[in-house]
Amino acid sequence: MAGLSFFKQLTKLSNVDTIVSKTMNQEMEHDLSLLRELINNHPHAVLAFDANVNLLHYNPSAVKTFGYKEKELSQKLKQYFNDNDKYKRNKHFQRALQGKVQNYRTAVTHANGEKIYIDVNLIPINNSAGNTILIYAVAKDITTYVQHEKELVRIKGSLELAQKVGAIGSYDYDVIEDEAYWSNQMYVLFGIENTKGFVPTFDSITELAHPDDREKFKIAILSAIEEKRNLSFEFRILRSDGTTIHVYNQADVILDENKKPVRFIGTVQDITKRRTAELKLKESENRIEHIFDNLEVGIWSLDIKNGEYNLVSKGFEEITGFSPSDIGNRITWDSLIHPDDYMEYHENQQKKLKGENLYHQYRIVHRNGDIVWIQDQTLPVLDKNGEVIRIDGIVSNITEQKEFEKKIQYLAFHDYLTKLPNRMLFENKINELISTSNQVNKHFSILYIDLDRFRNINESLGHQIGDKLLFEFSKRVNMLMNKNTLFARLGGDEFGIILWDYEDSDYPIKAAKIIIDCLDLPFEIEDFELLITTSIGISTFPENGKNIEELIKNADAALYRAKASGKNTYQIYSSSLSINSFKQFYLERDLRKSIENNQLVVYFQPRVDSGSGKIVSAEALVRWEHPVWGLVSPLEFISLAEETGYINEISDWVLDQVCQSITRWENKNLEVVPISVNISAQRFLKNDWKARLVSILEKNNTDPTLLEFEITETTMIKHEEAVRLALQFMKSMGFKIALDDFGTGYSSITYLKDYPIDTIKIDQSFTKHIAKTNNVETIIKSLIFMAKGLDMNVVAEGVETIEQLSFLRQQECREIQGYIFSKPVPEETFQSLLRKMILKPTFNSDTAKFPNRRRYYRINLLFPLSSQMTLTTILGNQVTLGNTEILIEDIGPGGLRFLSTIQLPVRPDITYQFNTKIMGEIITLNGHVVWKEEVKGIFQYGLKFIMDETQRDALVKFLNHFSLQLRNNPFVPNCDFVKDEKICYLLRATSNE
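Just add 654 to the spot in the sequence shown (first one is 1) and you have the working numbering.
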């Protein structure tokens, strides 16, 4: 700390240019001594600075305040002026130099490292000229005060936060001054901004209450003042934004020494959510009470200890006919239980005494005697020891529901049209009979029934007539059934009958005959007299199948045979089903999924100019790539498609594919020729055929002039008017129309006159007789001459020989279609033909010649051997079928080559068995087809034997002996040789299959 030198300097400064008396000097000396004592003993730090902020003097309190030693203090204070709050202190110091007293707060670092807060007063000392020559700084340590101040702020903030979270405002109302202090949350609750200068008074607060609650507010406050008591009440606040809140006001009264109220200290809490919840709860209670009293269910609660009902709702009276007060008093619930349900009910009641929830259904007897179905839900209530102390429950009347369930079950298992059992009930009964018949070793039979040509009636007379016919048919047949039968409609015009518990083994046959005979009488439907026949297939358990799949499949196969046999008959399932019939059954089953499974493919057969050989058109022909039977010819499945109605979907699909092909050819800059597409007259009977036709054209942007529709005479006969209108519409759009198979119908000439025909196609049944039958040649000449006269184009189909081509050229037949130019080919091959455009005829002899494919040594037979072939396994599953005749052309240790009229697939998982007689011995051989060729509808196959080496060695020895015999005589005795021309023989032998 600076010594006397500072005060001496101060004396000199005051005596400059002044000569004072000794007495005045002594007085000044006395004043300085007092000043020194005052500064040195001042409780706060006092520091003197010159104008350059140099420390001149400090008192002991400065050392104590800042904690630094005397020799450190000057340096630390200088550092302090240069570092912390530099700009703030400089500003105040500069103002002090201007003679202005300054006060500010700042923080400095104590010698112990802690921050202390000081309150600084800067007092300027001026000389006689008015210039500031010294600045006294009085620094007060206010650290404790600042800390208390912060704590108060923190406490206040916490209080405000607590009030905010709890939606509680606090207030202190001075009754005498009529003025209140409000916490911030009070302003929030009342919806007032604290900055608006609002003064809370009795009247101003009253105005903030909801108009309907203001009087209540006044009375509550004034009565509390008058009665000198605390207050608590609820009221509503209407805030400036229009919202209303519910609040709870609670305050303690403060009395003065005269026991007069002078203050109210209290809180106001937002209870809007609670009041809203209470209102909702009340509404809910009222609603529940209303529902409880009006529910059509009985709600009850039974105290187990005293055996009394605590609760019985009004719904019991509606359900039972007895009032709630009757339950447990006049009657017991058990006494209402239906006798047939009582035992099961009683067993279930024991569960609830064990603490188990019950959910069961039973019947009771109503007071009026009606039977009522009850749904009972019982909920036991347990105490902490797990003992049942109370049972609550709900019972409801489900009689109507039971009736609906009965109806729904009936609808689920019965046909809506005929009211007969449906397929689901039919199959359930079969499974039931299989289960019981296995136990008691009994038989039962299935009859599969299909109405013959029902589709024709549906399409010609309409579905309404068809539905009535189905109903009358089911009604007539159902009258013939006895108690051990189930007659069901399986779908469409298919029906099924199950017969069981019969003694006569021929009973299924007799039943089938009765059904067929009952249809001799016509059905009179509206103004139509309709005669209809039926085909029936029969299978019997367990002879024809040991599970439902086999029984139904075999009954269906027998039905197919009945239809193939001319309809209006029955067939019992037999393993003698031929391969061809088995294949047709397979195809019919899979046909409807052929488009969905992408199995159909379009082939194209060119039509060429008879003179130049140029391609002028082509016919689109559909093929079926069956996953089992391979490429299936349209001859095998088109008739099935027409019979089932699926021909319409196939026709639409083919047309769409053709349009897509035309677009592809145009994109490849190929010379596009018109494409002929076959269409069935059935398609014109569907309402959507025009829209579908236009849609396909627009989708593919196809020119109608590039399309020709072929329709056969035979389909036109059935629907002449519909066909005539349809052909006129298509002609108006620009399509060409061709009459296919011309000459095979009954009214060919009439069609040419009455229908817009552009082209006639001479059927191949005429073409194949050219150069063989003069009468046929005369007919062909006449047809060509007539077509020319009518300005129609003529196409000869099925041209295969040079002789046929020469004759047709002589008669100036314009177009030729047949194998002599090209067989039907896939689109890719047809594109190659379009690039060539000119086709040359290829010679084919009448006799089929097949290439030699022998891999092993074979005995080439001059005359083929007749053999019986059957299919033994398909896709790994064994089958039992009848035999089909084939011709063996050669045979060896590894296999044989044979001819057949049936198109068989080339795959190893379908095996065949052959039986033939050689040298008086029946030879049985098994194998699978490894290759095939086709010429003129006859198929040649290579068969690879399936046998072990022992069997092969035995076969080698036998064939060696046979070969030696053939050298001496091509007709070795006791062999099934065929001496006729083999293709003709096969066609005759299999014509009835």
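Cβ atoms here follow ideal geometry from the backbone N, Cα and C, with glycine treated the same way. Everything numeric in this text was worked out from a predicted model, so none of it was measured.
### Query
So is Asp1500 buried or exposed if we call it buried at 16+ other beta carbons inside 10 Å?
Sequence index remark: in the sequence shown, residue 1500 carries index 846 (1-based). Here Asp1500 scores only 46 on pLDDT, less than 50, and its place in the model should not be relied on; the value that follows carries that caveat. By the neighbour-count rule (16 or more Cβ atoms within 10 Å), Asp1500 is not buried but exposed.
### Message
Please state the DSSP three-state secondary structure of Asn781.
### Response
Looking up residue 781 in the sequence shown gives position 127. If DSSP states are grouped into helix, strand and coil, Asn781 belongs with coil.
### Query
Going by the beta-carbon positions, is the gap between Ile1592 and Ile1528 smaller than 7 angstroms?
Within the sequence shown, numbered from 1, the residue matching residue 1592 stands at position 938. Within the sequence shown, numbered from 1, the residue matching residue 1528 stands at position 874. Not in contact: Ile1592 and Ile1528 (Cβ atoms no closer than 7 angstroms).
### Message
Looking at the strands, I want to know which residues DSSP matches up with Pro1075.
### Response
What you label residue 1075 is simply residue 421 of the sequence shown in a count that begins at 1. According to DSSP, which records beta bridges pairwise, Pro1075 is partnered with His1068.
#### Entry: Element boundaries [beta strand (DSSP E), containing Gly1150]
Here residue 1150 refers to the residue found at position 496 of the sequence shown. Bounds of the beta strand (DSSP E) holding Gly1150 are 1148-1154.
### Message
My assumption, with CB atoms under 8 angstroms, is that Leu1493 sits in contact with Leu1640. Please give the rounded CB distance.
### Response
Against the sequence shown, residue 1493 aligns to sequence position 839. Against the sequence shown, residue 1640 aligns to sequence position 986. Between Leu1640 and Leu1493 the Cβ distance is about 31 angstroms, and since that is not below 8 angstroms, they are no contact.
### Query
What separation, rounded to the nearest whole angstrom, lies between the Cα atoms of Ala1651 and Phe1389?
Nothing about residue 1651 can be read from this structure; the chain reaches only from 655 to 1647.
### Query
For Ile1433, does the three-state DSSP call read helix, strand or coil?
Position 779 of the sequence shown, counted from the first residue, corresponds to residue 1433. Helix, per DSSP.
### Given 8 angstroms, three or more beta-carbon pairs between the segment 884-891 and the segment 854-874
Contact holds: three or more Cβ-Cβ distances are below 8 angstroms.
### Query
Going along the chain, which residues of its own chain have a beta-carbon closer than 6 angstroms to the beta-carbon of Gln1015, five neighbours each way excluded?
Here residue 1015 refers to the residue found at position 361 when the sequence shown is read from its first residue. Here the set comprises Gln1029.
#### Entry: Runs of alpha helix (DSSP H) wholly within the segment 1084-1157 (minimum 4 residues, chain order)
1108-1115, 1117-1132
### Task
Decide if His1582 is buried, meaning its Cβ has at least 16 other Cβ atoms within 10 Å, or exposed.
Here residue 1582 refers to the residue found at position 928 when the sequence shown is read from its first residue. Its Cβ being crowded by 16 or more others within 10 Å, His1582 is buried.
### Task
Find the nearest neighbour of Leu1360 within the set Ile958, Glu1157, Ser1330, Gly961, judged by alpha-carbon distance.
In the sequence shown, counting from the first residue as 1, residue 1360 sits at position 706. Shortest Cα-Cα distance from Leu1360 to any of Ile958, Glu1157, Ser1330, Gly961 involves Ser1330.
### Query
Does DSSP put Ser1554 in a helix, in a strand, or in coil?
Within the sequence shown, the letter at position 900 stands for residue 1554. Ser1554: strand per DSSP, three-state reduction.
### Message
Please classify His1000 as buried or exposed, where buried requires at least 16 other C-beta atoms within 10 Å of its C-beta.
### Response
Locating residue 1000 in the sequence shown gives position 346, where the first residue counts as 1. Label assigned to His1000: exposed.
### Query
Excluding the five sequence neighbours on either side, which residues of its own chain have a C-beta within less than 8 angstroms of the C-beta of Lys1005, listed in chain order?
Translated into the one-based positions of the sequence shown, residue 1005 becomes position 351. Excluding sequence neighbours, Lys1005 sits near Leu1012.
### Task
May I ask you to list the residues that DSSP assigns as paired with Asn1201?
Residue 1201 sits at position 547 when you count from the first residue of the sequence shown. Answer is none; Asn1201 lacks a bridge partner.
### Message
Under 8 angstroms: do the segment 1536-1552 and the segment 1237-1246 share three or more Cβ pairs, one atom per stretch?
### Response
Counting Cβ pairs under 8 angstroms, fewer than three are found: no touch.
### Enclosing alpha helix (DSSP H) for Val1348 [first to last residue]
For the purposes of this step, residue 1348 is identified with residue 694 of the sequence shown, where counting begins at 1. Note, Val1348: alpha helix (DSSP H), 1343-1354.
### Query
How would you write the range of the alpha helix (DSSP H) that Ile1456 sits in, first residue to last?
For the purposes of this step, residue 1456 is taken as the residue at position 802 of the sequence shown. Per DSSP, Ile1456 belongs to the alpha helix (DSSP H) from 1456-1464.
### Task
Determine the contact status of Asp906 and Ile919, defining contact as a CB-CB distance below 7 angstroms.
On the sequence shown, residue 906 is found 252 positions in, with the first residue counted as 1. On the sequence shown, residue 919 is found 265 positions in, with the first residue counted as 1. Result yes, Cβ atoms of Asp906 and Ile919 sit closer than 7 angstroms.
### Task
Report, in whole angstroms, the separation of the C-beta atoms of Met1133 and Phe1141, which I expect to be a contact under 8 angstroms.
On the sequence shown, residue 1133 is found 479 positions in, with the first residue counted as 1. On the sequence shown, residue 1141 is found 487 positions in, with the first residue counted as 1. Contact doesn't hold; Cβ gap of about 10 angstroms is too wide.
### Ser1189, enclosing beta strand (DSSP E) - first and last residue
Within the sequence shown, the letter at position 535 stands for residue 1189. From DSSP, the beta strand (DSSP E) with Ser1189 extends over 1188-1195.
### Residue from Leu1406, Pro1410, Ile1365, Tyr1240 whose Cα sits closest to the Cα of Phe1383
Translated into the one-based positions of the sequence shown, residue 1383 becomes position 729. It is Pro1410 whose Cα lies nearest to the Cα of Phe1383.
### Query
What residue from Arg1378, Asn1354, Asn1201, Ile1190 has the CA that sits closest to Gly1220's CA?
Here residue 1220 refers to the residue found at position 566 of the sequence shown. Across the set Arg1378, Asn1354, Asn1201, Ile1190, the C-alpha of Ile1190 shows the shortest separation from the C-alpha of Gly1220.
### Task
Given a cut-off of 7 angstroms, decide if Tyr722 and Lys730 are closer than it, judged by their beta-carbon atoms.
The sequence position of residue 730 within the sequence shown is 76, counting from 1. The sequence position of residue 722 within the sequence shown is 68, counting from 1. For the pair Lys730 and Tyr722, the CB atoms are nearer than the 7 angstroms cut-off.
### Message
Please report the distance separating the alpha-carbon of Arg1463 from that of Gly1265.
### Response
For the purposes of this step, residue 1463 is taken as the residue at position 809 of the sequence shown. For the purposes of this step, residue 1265 is taken as the residue at position 611 of the sequence shown. Approximately 7 angstroms, taken between the alpha carbons.
### Task
Within 10 angstroms of the Cβ of Glu1180, are there 16 or more other Cβ atoms? Answer buried if so, exposed if not.
As a working mapping, residue 1180 is identified with position 526 in the sequence shown. With fewer than 16 other Cβ atoms within 10 Å, it is exposed.
### Query
Under a Cβ-count criterion, where at least 16 other Cβ atoms within 10 Å of its own Cβ denotes burial, should Tyr1257 be classed as buried or exposed?
By 1-based counting over the sequence shown, the position of residue 1257 is 603. Buried, since its Cβ has 16 or more Cβ neighbours within 10 Å.
### Query
DSSP beta-bridge partners for Ile1545?
Residue numbering aside, residue 1545 sits at position 891 when the sequence shown is read from its first letter. Ile1545 is bridged to Ile1513, Leu1550.
### Those residues which DSSP pairs with His1000 across a bridge
As a working mapping, residue 1000 is identified with position 346 in the sequence shown. BP columns for His1000 are empty, so no partner.
### Query
Smallest Cα separation from Asp704: which of Ala834, Leu776, Arg1021?
The residue given as residue 704 occupies position 50 in the sequence shown. Nearest of Ala834, Leu776, Arg1021 to Asp704, Cα basis: Leu776.
### Query
From this set, Ser782, Thr760, Asn781, which residue's C-alpha is nearest Val774's C-alpha?
In the sequence shown, the residue the question calls residue 774 occupies position 120. Of Ser782, Thr760, Asn781, the residue nearest in Cα terms is Thr760.
#### Entry: Segments of 4+ residues assigned as alpha helix (DSSP H) that fall wholly inside the segment 918-1002
926-948, 969-974
### Task
Starting from Phe1568, follow the beta strand (DSSP E) in both directions and report where the run begins and ends.
Taking the first residue of the sequence shown as 1, we reach residue 1568 at position 914. Residue range 1564-1572 is occupied by the beta strand (DSSP E) that includes Phe1568.
### At least three beta-carbon pairs within less than 8 angstroms, the segment 1024-1042 to the segment 935-944
no
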